[in-house]
Structure formats: C-alpha cells, structure tokens
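Reviewing the structure listed below.
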Amino acid sequence: MSQNKGYEDLNKPFEYTNKHRRILWGAVFLMATSSIGPAFLTQTAVFTEQFLASFAFAILASILIDIGAQINIWRVITVVGKGGQDIANDVFKGLGTFIAILIAIGGLAFNIGNVAGAGLGLNAIFGIDVRIGAGITGVLAILIFIVKNAQKVVDIITQILGVLMIAIVAYVMILTKPPVVEAAHKMVAPDDISKLIVPIITLVGGTVGGYITFAGAHRLLEAGITGKHYIPFVNRAAISGILTTGIMRTFLFLAVLGVVVTGFALNPDNPPASVFEHVLGPIGKQVFGVVLFAAALSSVIGCAYTSTTFIQSLHPSIKNHRNLVIIIFIVISSIIFLTIGKPIKLLIIAGALNGLILPITLGTILIASRKKSIVGEYKHPTWMIVMGVIAVITTLIAGILSLQGLQDLWNS
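Residue numbering for the sequence shown follows numbering that gives the first Met the number 0, starting at 0 and increasing by one per position.
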C-alpha cells in the first residue's frame, strides 16, 4: 500500500464506523490478551509478594514506557503501510530479516511460557499433569487455525476472554480489601528504586516486548488501516491497548497485595492460583484455572500469529502457507516445553527475553520515523520520539543489568 495514502485527508474529522470499532477492539484485545497471558499473571503475583506496595512504582513506570514504545511503533507502521520487518529493511538492508528472526526466537521463548501457563491452568482446574495440559492446549490452538476465517474467530475469542479475565480479577481484588492508600503512596515513593529495575524490564518485556506491541499494529495493517488520516484512530487503539493491560495489572497487583500483607505465603508452584484459592476457598483454584487457561490459550494464538507475520517476509511460501506455519510454531513451542519443564521460571524469563528485543525494534522504528524516504511528508512528533528514546535507553540498560539476575534465576 502506498505510504502517501490519506495525506490529503489529515484535517478531515475522523468518523468511527461500526467496522472501525470492530477493527479497533480486535487490535486492542489481540495485543492485550497476547500480553495478559500466563507470564503476565505469574510475574505480577511473584513480584507483588517480593516488593509489596512498592511494586506499584514498577507498574506505573512500565506503563509509561509501554505507551512511549507502542504509540511510536503503531503510528509509523500505519503511516508507512508496511510491517515492522519491512520498515527495518528500508532503514538498513538485511536489518528487517535479522529482526524477523529475532522476533521469531523471542516469540518462541514466550510461547513456551504460554504453553506452560496453560498446563498450569488445566492443572488448577482438573488436577491433571502440567505437561498433559500443555499438550491439550497445543491441540486446541491448532484446531482454531484449521477453522475457516480463523482471524474473525480470534478477534471474537480475544475480546470475550479479555473482558472475562478483567472482570474476575476485579471481583477478587474487591474481596481482598487491599491497602490502596499505601499502594498509591509507594507508586511515587517506593522503598528502593534500584531493586525494581528487573521487575520493570520484565513487565515491559511482557507487555510490549518482542512481538507483542506489533500484534495490534500488524492486525490494523492487515485490516487496511494505513495512511496519515488514520493517526487519531491509531493513537486511540495504541493507548487503549496499554491501558487495558495496565488495568488488568493493577487489579491483579491489588488482589495479590491484599492477600500477602496478611502474611499469607503464595504457593511457589502456582503463585497466582494460591491467591484465588485463599480468597474464594476451594473453588478459587478452579476459577483461577479458568482465567489462566483462557489467558494462556489467547496468548498462544496471538504469539504464533504475530511471530508469523514477521517471518512471512523471509520467503513467499511462508506467506502462502501462513496457517500451516502458525501450526508448526505452536507444535515446536509445545515440544520444547514438554522437554524442558520449569514452567514458573520459563514464564518470568520469557518476558525478560522479549524486553531485550524491544530496544532494537523500537530503535529501528524511531530511525525510520526520521527518514523522508520511508515516511514521506509525515512529521513524527518530537515528544513521541523523546518518549521512544527514553524507552529504548531504559530497556537497554535495564536489559543488560537483568541478564545476571536471569542467569541466577534459571540456575536456582
């Protein structure tokens, strides 16, 4: 599609039709449910228990960084009308191919964590072995991509599951009666900021790292949302996606905080599930299992879909057989998990690995935003570039510092 499409309509009021609303929320929830997966749930529970109310600062910092990253990426992709990997190739020949491979590797790591989380979810519901549950999840995800019009099915499923997860967690949060005032205070005045570096990079990695921030952008691209006149639409979609994940993160954080401040110790084998069981009684474990399984299944789908939109540019046969490639992607991630195990560690490490990819992908998009040969007459706002640069620097430094911590976690 032409990168000049719609420039003459920049000053025309944008009218949201029902079709646009459907596309917007499809992109928002594809991105949101891709991030609100098992890693998201487990990370939030583990870090809340470790840092208590001070973890609110990490959540706020990660949301600000997430907005800086996502709004830059979504706007540039929409204006140019190309996927992230193709824009990178325009910046420097071969860079897009490198990023596509990097995204695929990071997405695979993340999907291993997603499959692990699904196994944990089914274990909570039915008590079956985690690896058997992971295998069942892989089969269900594959069946979705065998169905005709799979993309429409994915849009509907992600929206329903996203709202369901937020509603359930909100209910549990209310029951725990968390110390909201203390959390609000620690949000701006944490006990020790230096100790929150790894949590921040992990949250950013789990929310916009690797493939995730491109999930919604590529979904908009495939729906024909390209051109400068769509900027207000894209701004709304990008921010809505981050706020959706931010709301879910905050609700879960407060729910867990309300439990751990009483002295209750989370079960290390399934931290967030123990919160639901403590609050709701015996049925709480099953309720959380439903949430976790739904989050995991939607994340498996979103991860496989978006990673494939990157590698499809490597060879025409990949694009022509995309659903088959998606199925293979799911099969490989399932097999790796069944071989390695360590679900809790995989969930936390996967988010951090994706955070390490973000400085490269976002940095490339920022460079592209300044090249007239790529964006034409479009002028990318300076304040967005500043936010993007801050996001790049922050995640780069934090990513490097977190490497040792990740190694220690894996060896523990």
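All C-beta atoms, glycine included, are put in the ideal place defined by N, C-alpha and C.
Roughly how many angstroms lie between the CA atoms of residue i and residue j, to the nearest whole one?
i	j	result
Ala44	Met30	21 Å
Val152	Gly25	10 Å
Ser298	Ile35	7 Å
Thr393	Thr363	16 Å
Gly137	His184	43 Å
Gly126	Leu119	9 Å
Leu107	Ile145	20 Å
Val129	Val78	44 Å
Pro414	Asn122	A query on residue 414 cannot be resolved here, the shown segment of the chain reaching from 0 to 411 and no further.
Ile389	Trp382	11 Å
Thr175	Ala166	15 Å
Pro198	Ala57	7 Å
Glu221	Tyr229	14 Å
Thr212	Ile131	30 Å
Ala303	Tyr170	31 Å
Ile196	Leu395	11 Å
Thr201	Arg235	25 Å
Pro267	Phe39	16 Å
Val289	Val330	22 Å
Ile124	Val27	28 Å
Ile102	Phe309	7 Å
Ile339	His379	44 Å
Ser442	Leu313	As displayed, the chain neither begins before 0 nor continues past 411, which places residue 442 out of reach and without an answer.
Phe50	Thr360	30 Å
Lys318	Gln311	5 Å
Pro358	Phe54	23 Å
Val180	Leu160	30 Å
Thr16	Phe336	43 Å
Gly243	Thr96	As written in the sequence, residue 243 is Thr, which differs from the Gly given in the question. Approximately 31 Å between the Cα atoms of the pair.
Asp154	Ile246	20 Å
Check residue i in the structure and name its three-state DSSP category.
i	result
Lys18	helix
Glu48	helix
Ser61	helix
Ile35	coil
Gln311	coil
Thr225	coil
Tyr377	coil
Ala188	coil
Phe213	helix
Ile127	coil
Pro198	helix
Leu412	Absent from the model: residue 412. The displayed extent of the chain is 0 to 411, so no value can be given.
Thr261	coil
Pro270	helix
Gly113	For the record, residue 113 in the displayed sequence is Asn; it is not Gly. Helix at Asn113.
Lys92	coil
Lys370	coil
Asn234	helix
Val324	helix
Pro177	coil
Asn148	coil
Val289	helix
Val207	coil
Gly280	coil
Cβ of residue i within 9 Å of Cβ of residue j?
i	j	result
Val207	Asp85	no
His217	Gly134	no
Asn71	Ser368	yes
Ala115	Leu296	no
Val258	Val233	no
Thr307	Ile325	yes
Val255	Glu48	yes
Gly209	Ala237	no
Pro178	Ala52	yes
Ser59	Val162	Going by the sequence as given, residue 59 is Leu instead of Ser. No. Outside cutoff.
Ala182	Phe252	yes
Ile22	Ile300	no
Ala149	Asn322	yes
Phe250	Ala272	no
Ile356	Gly204	yes
Pro231	Asn113	no
Val374	Val168	no
Buried or exposed: residue i, going by 16 or more other Cβ atoms within 10 Å of its Cβ?
i	result
Glu376	exposed
Gln69	buried
Trp73	buried
Leu142	exposed
His277	buried
Asp190	exposed
Val90	buried
Lys284	buried
Ile399	exposed
Gly93	exposed
Gly280	exposed
Measuring from the CB of residue i, is there a heavy atom of the ligand SAM at a distance below 8 Å?
i	result
Thr41	Looking for the ligand SAM in the displayed structure turns up nothing, as the structure carries no ligands at all.
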